[in-house]
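The sequence shown runs 290 to 972 under my numbering.
A quick write-up on the structure given underneath.
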Amino acid sequence: MANRAAIAAIVFMYFVGIGWAIGWNSIQYLINAEIFPLHLRATGSSLLMCFHYTNRYGLSKLPHIAQRLRDRISQLQTGISTTSTDEDNSTADLLQEDVKQPDQFDERQALHRLAEAPPETTDPPILTAIEHLAWGRNSAGCFPHRRCACQYRRDNPEMLSMNSGSFQLHGSALESLIFVPISNDAQKLIKFHIGHLTWHHNCFHGETFLEQCDLFWSTGRCDNPLWIALYLSVLSCTVNSIQNSRKLKSLLDVDLDSMQTAQQLFSSMVQTLYHSHFLNNLSICSVQAIVISTEVAHNLGLSQLNATMFNAAVRIAECLGLHKIKDHPSTLTHTRDQWEERVEREVGRRVWCQMIIQDHFAIPFTDTYSISPLQYSTGRPLNADEQNLSELPTNIPTISTYVRVLVELAALMPDLVDGLGPMNKRKSRREQYEHILQVDQKMRAVVKGIPSFLLRPDKAKESKIPWLSIVRRSLAITAAEKIIMIHRPFLFRSFHDPNYGHSRRTCIAAAMTILREHETIAKEEDLSIWTHTAFAITAAVILCFEVNATVEDPSDGKIEMYREAVLSARERLALRNHDLLAQRGVALIDAILIAEEAHFGTKQRKRGGHIDFNRIFANYSTLSRVILNPDDEMAFGKFPGNSPDEFRSVDTNEMQFAWNQDEIDFDIWFNGIFTDLQPSPLG
């Protein structure tokens, strides 16, 4: 009885605090037909927590807990903390004692109410958890929300099914807003995506997504209107990947002219997200749709929109708990419910992994990152068989293999930017460059650990896995671009300062690797991934600057070889239809070449001058008016704090680097790893 009275007193004080915090006239809002069940459920969790504490410590601790509640309510009202340091320490000791002692209450009775919060010391204190009730927020790691007490818990048994079909598109307001293709061609594209494209983003479970699509095609129903956004995102990505390949369009026997373009599908996806209030109605479908749409957004010239939507997706994912997903249970799944929960848990891990990749690889363009490596606990996706999601050895290729490799490369990037020092007080150039070289070595170590079937041809595996060949070539392009990303802080300086010659040689060789592989993919009319276009532009620009900065020796054919590689890349980019990123690349290459000829003349071929960035920007602005928006951004358009004069040499006495000058050249090392690549013409 005493414990019950204590609990009642705490709950009473909680509601009094809420009344003061939001105003008594607003209490009626909390108990309307829609809101009250959520608060009632949350209050149930609070009662259990209160009972747990009084049962653990007895009534002797109750006055202290009650006083802390009163102090916290006062702080919320006035903004002034009245709690002393000693009291804070005593409360912290109390909470630490709670963590260390084994639970005494019956967990089975609380399982259906309490979130599956782990007992680590990083769990929010009880007062914060209670305060979250007023905020209407969730801090527990309880994704996929099947057995928790947070506001995202799915109480309706029907909603626990991944194929419940609770939303009917036909006759809905959404149907009048957008056109959702369900034709035979659309179905072919979805199935092709599952079998040939999922490896690049890995944001859903193929068989489950196909089941959901089959239900939608046959009935027009799906679980959630936001699932429509996911569906449209997948279609947009697929159209973008095959639209420039006559071979693939013929193989699929689809008429892309009879259906929406990639841009129209992307636009419909965005409209669906906003019509369904994705920023308020949080769903993993929104996160999946946005993350997958990265595959096409850049090609459509919508990089800024993609960046802002992606960061919204990061916050949605964190609210849903995707950053705190627990490992799979060690026991096998025996029931349909257990299997669906395992699928949802693994999909959550896959989506979070792809978000890490996209966030960390965007660091060079923002000098920051949104996902801190120290502030998530979700593990990597399993290298698992899709049929039963049982883990397989890493030497067996799975749909998750590619992203598992990429996330290890991405993990280097936060340390790369942090190691340069605070943004407002960078380390000395010597310290920065030594750090760059250390990250370079880490990247090489990661590449050496890549499974062998991604490093060299394996005909036996390729006969069973249709996408393995393009995965290997895409990884070669991406890995080469990441070594450029590592050296990017000193890349432009390296063209005029011999102290950074290692970066220059490394990036030139990596650029040639990218363009060789890009040419092979184009000739074979294979899948087009957005990174192929983006990184080919990067490589071409680097070679342009190499041509600009080199004093030409008539007996040395390297400069002419670089020029030919750039012009060939420009021609391939110019032939791409419905690819604004490629057209920007063409304009940028032309701008650099025009600036080069204007500076040196058409007949005088001596090089070695500084790069005239101002002329390049002016040329690009003129050329791009035909195809681009005036306010458009460009990939190489930001050189914060750097003017051409800043690229002159520094004192050579400062530059005594801790790296081996005789280290193996990047081109030799890289082609030694990716043995299927064409031999370098420089060899």
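The C-beta atom is built at its ideal place from N, Cα and C for all residues, glycine as well.
Check for me: the alpha helix (DSSP H) holding residue i runs from which residue to which?
i    : result
M679 : Note that residue 679 is Ser in the sequence shown, not Met. Unbroken run through S679: none, as it is neither H nor E.
E814 : That residue, E814, is in no alpha helix (DSSP H); it is neither H nor E in DSSP.
F493 : Counting along the chain, F493 falls outside any alpha helix (DSSP H), and DSSP gives it neither H nor E.
L868 : The residue asked about is misnamed: residue 868 is Asp in this sequence, not Leu. Element bounds for D868: n/a, residue is neither H nor E.
P599 : At residue 599 the sequence reads Phe, which differs from the Pro that was named. Looking at the DSSP string, the run of the alpha helix (DSSP H) that includes F599 is S592 to L609.
A673 : Element bounds for A673: n/a, residue is neither H nor E.
K771 : L757 to S783
G637 : R625 to F650
T690 : T690 to A699
N837 : W819 to A838
S480 : Residue 480 is actually Lys in this sequence, not Ser. Unbroken alpha helix (DSSP H) run through K480: N473 to H485.
T527 : P514 to I531
D729 : R718 to K737
K538 : R535 to L541
L463 : A462 to L466
F555 : A551 to H564
T583 : I573 to A586
L589 : Here L589 belongs to no alpha helix (DSSP H), and DSSP marks it neither H nor E.
S857 : K847 to A863
Indicate whether residue i and residue j have their beta-carbon atoms separated by less than 8 Å.
i    : j    : result
N595 : A602 : no
L519 : A578 : yes
P778 : Q730 : no
F505 : V636 : no
N677 : S689 : no
L870 : T822 : yes
F468 : S575 : no
H490 : E633 : no
I848 : V836 : yes
L589 : Q647 : no
V543 : L478 : yes
R713 : S659 : Here residue 713 turns out to be Asn, not Arg, going by the sequence shown. No, these two residues do not count as a Cβ contact at 8 Å.
T667 : R638 : yes
S455 : D512 : yes
P755 : N684 : no
E860 : F824 : no
M548 : A651 : no
Q457 : H867 : no
Rounded to whole angstroms, how far is the Cβ of residue i from the Cβ of residue j, which I believe are closer than 8 Å?
i    : j    : result
L709 : V728 : L709 to V728, Cβ: 10 Å. No contact.
S534 : S817 : 7 Å
E806 : R762 : 5 Å
G874 : L882 : The pair is not a contact, with the Cβ atoms about 13 Å apart (cut-off 8 Å).
F784 : F834 : 6 Å
M732 : I772 : 6 Å
T487 : I517 : Actually they are not in contact, since the Cβ atoms of T487 and I517 sit about 19 Å apart, beyond 8 Å.
Y665 : H612 : 4 Å
S522 : S582 : 5 Å
For residue i, is the classification buried or exposed, using 16 other Cβ atoms within 10 angstroms of its Cβ as the cut-off for buried?
i    : result
T820 : buried
T941 : Note that T941 has pLDDT 40, beneath the 50 cutoff, so the model's placement of it is unreliable and no number is given.
E496 : exposed
I878 : buried
R604 : exposed
L663 : exposed
A876 : buried
T767 : buried
A947 : Caution applies to A947, whose pLDDT of 46 falls short of 50 and renders its modelled position unreliable; the value that the coordinates give is listed next. The residue is exposed, with fewer than 16 neighbouring Cβ atoms inside 10 Å.
A462 : exposed
M774 : buried
S752 : exposed
R894 : Reliability fails at R894, whose pLDDT of 48 lies under 50, so the model's placement of it is uncertain and the value that follows must be treated cautiously. Classification of R894: exposed, given that the 10 Å Cβ count is below 16.
D674 : exposed
Q593 : exposed
E885 : buried
N931 : In this predicted model, N931 has a pLDDT of only 39, less than 50, meaning its place in the structure is not dependable; the value taken from the coordinates is given anyway. The residue is exposed, with fewer than 16 neighbouring Cβ atoms inside 10 Å.
N997 : Look at the range of the chain in this structure, 290 to 972, and you will see that residue 997 is not part of it.
L621 : exposed
Y909 : buried
S539 : exposed
Taking only beta-carbon atoms, is residue i less than 8 Å away from chain C?
i    : result
V543 : This model lacks chain C altogether; it includes just one protein chain.
Check whether the Cβ of residue i lies closer than 7 Å to any heavy atom of the ligand ATP, and answer yes or no.
i    : result
L478 : Absence of the ligand ATP is noted for the structure shown, with no ligands found whatsoever.
**Prompt:** Are at least three pairs of beta-carbons, each pair with one atom in the region 632-652 and one in the region 687-702, less than 8 Å apart?
**Reply:** Counting Cβ pairs under 8 Å, three or more are found: they touch.
**Prompt:** Are the region 513-532 and the region 612-622 in contact at 8 Å, needing three or more beta carbon pairs?
**Reply:** no
**Message:** Does the contact criterion of 3 or more C-beta pairs under 8 Å hold for the region 796-805 versus the region 742-754?
**Reply:** no
**Asked** Counting Cβ pairs closer than 8 Å, one from the region 853-860 and one from the region 623-630, do we hit at least three?
**Response** no
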